[in-house]
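Inspection log for the structure reproduced underneath, given as structure tokens.
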Amino acid sequence: MKPTENLSRNTEAVADSLTAMIKKELTTYSCFDAYLNPSDPNMITAGDRMKLADWCYGIVDHCNFSRETVASAMDMVDRFLSMPSTSVHTARVSDEALVDPSKFQLLTIAALYTSIKINEKVAISSDLFAEMCSHVYTVEEIEDMERTLLIGLSWRCHAPTAHQVGMLIFSLLLPYVDIPEVTWGFLIDEMRYLTELAVRDYYFSTQRASTVALAAVFNVINDTSTKERIELLGPI
1 MKPTENLSRN TEAVADSLTA MIKKELTTYS CFDAYLNPSD PNMITAGDRM KLADWCYGIV
61 DHCNFSRETV ASAMDMVDRF LSMPSTSVHT ARVSDEALVD PSKFQLLTIA ALYTSIKINE
121 KVAISSDLFA EMCSHVYTVE EIEDMERTLL IGLSWRCHAP TAHQVGMLIF SLLLPYVDIP
181 EVTWGFLIDE MRYLTELAVR DYYFSTQRAS TVALAAVFNV INDTSTKERI ELLGPI
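At position 223 of the sequence shown (counting the first as 1) the number is 223 in UniProt numbering, and the numbers step up by one without a gap.
Structure follows, in structure tokens:
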């Protein structure tokens, strides 16, 4: 398959989709304040979060799932911990997860379990998922945390990802630039790689997905030849 076959040539539909995603960013899935405090020795750290994101990538790679599933899972974790709680129970769980690594791990596991059910064609049973987690948590603990997570998020589990936005940006550029397929392949692969790295980094969880996507797109364009760079930046 040619790399550009992963892009849409319907620029009107792409523009509408991009507009809808940005609207979601500004309303339903708007960014909240940072939830980690590096000066608090009792709080989980950005390093703790990164280790769990890497663990999630390991799970989806093992199952041949999309790495976008991890982006969705970590977004749910970040929003749950940063947004105002909807109940006393969710507030308590959020507070506990911020100071208890075991509770934070359970929250992340539940988010990945939820994200797999939402985004993948093949769901994993709770029993199998608990087994994949080496039975560190019981099925009941994972399912209870999943319910708490969904309630805390008001069941809003479809936030746009940086990779999705990046693909739409490339789709908008496609009709206006003349570069080889191999270059498109490089651009798409590198943009995917950068957005996957961003999922691991706590800093980027405080930024809009479209901001991360634009940064990734401009970074990969900057790595092309001068001629191709001029061609790509012309429409922008």
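Built from N, CA and C at the ideal position, the CB exists for glycine as well.
Rounded to the nearest angstrom, the Cβ distance from alanine 71 to histidine 163 is 7 Å, consistent with a contact under 8 Å. Rounded to whole angstroms, alanine 53 and aspartate 178 show a C-alpha spacing of 37 Å.
Put simply, the backbone Cα of cysteine 157 is about 31 Å away from that of proline 41. Annotation: aspartate 33 is outside any alpha helix (DSSP H) and is labelled neither H nor E by DSSP. Taking the Cβ atoms as the reference, serine 66 lies roughly 26 Å from isoleucine 151, outside the contact range of under 8 Å. In the displayed model, tyrosine 137 falls within coil according to three-state DSSP, outside both helix and strand. Given a length threshold of 4 residues, each whole run of the alpha helix (DSSP H) inside the segment 143-190 is given here in chain order: 162-173. 8 Å or more divides the Cβ of alanine 46 from the Cβ of tyrosine 176. Between threonine 195 and alanine 213 the beta-carbon gap is near 7 Å, inside 8 Å, which marks them as a contact. Comparing alpha-carbon positions, the option among Ser205, Ala198, Thr206 lying closest to asparagine 219 turns out to be Ala198. For serine 85, the CB contacts under 7 Å within the same chain, skipping 5 residues up- and downstream, are Ala91, Ser94, Gly152 in chain order.
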